[in-house]
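Residues in the sequence shown are numbered consecutively from 63, following the working numbering.
Below is one structure, written out as structure tokens, with a few remarks after it.
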Amino acid sequence: MRIVDCYSETSDIGPDIVIVETENSGFTLLMSRSGDPYDHMKVYFDDEEILEGSRSKEILNTLSSVKNDLTGEALNIYNGILAAIEKSI
């Protein structure tokens, strides 16, 4: 497994995005940064499922084993998404 890309869609209100490649396929994580208090800092799996509870723990364990050569802003985005997932467990 490896991280294919990690970026922000726009600098102000767009989501932060992490794309992970696995042996069979892959998945995308999106973290909303909108001003909506309900949506702020929520992490979405493949743009559909809000990560919460045991599912968050499963994805967090997966991300912990992913090859990570990120630096700079990409690393900050990745760490922000990890922190948001940890809070949703």
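Heads up, the beta-carbon is just placed ideally off N, CA and C, and yes, glycines get one too.
- With a beta-carbon spacing of about 12 angstroms, D108 and T84 fall beyond the 8 angstroms limit used to define contacts.
- The beta-carbon separation of D78 and R64, rounded to 18 angstroms, does not stay under the 8 angstroms limit for a contact.
- Taking the CA atoms as reference points, S150 sits about 22 angstroms from N130.
- Bridge partners of L92 according to DSSP: I79, Y106.
- Per DSSP, the beta-bridge partners of I112 are Y106.
- Our two residues, I143 and N86, have alpha carbons roughly 23 angstroms apart in a direct line.
- Setting aside the 5 residues that flank it on each side, D67 is surrounded in the same chain by I81, each with a C-beta closer than 6 angstroms to its C-beta; the list follows chain order.
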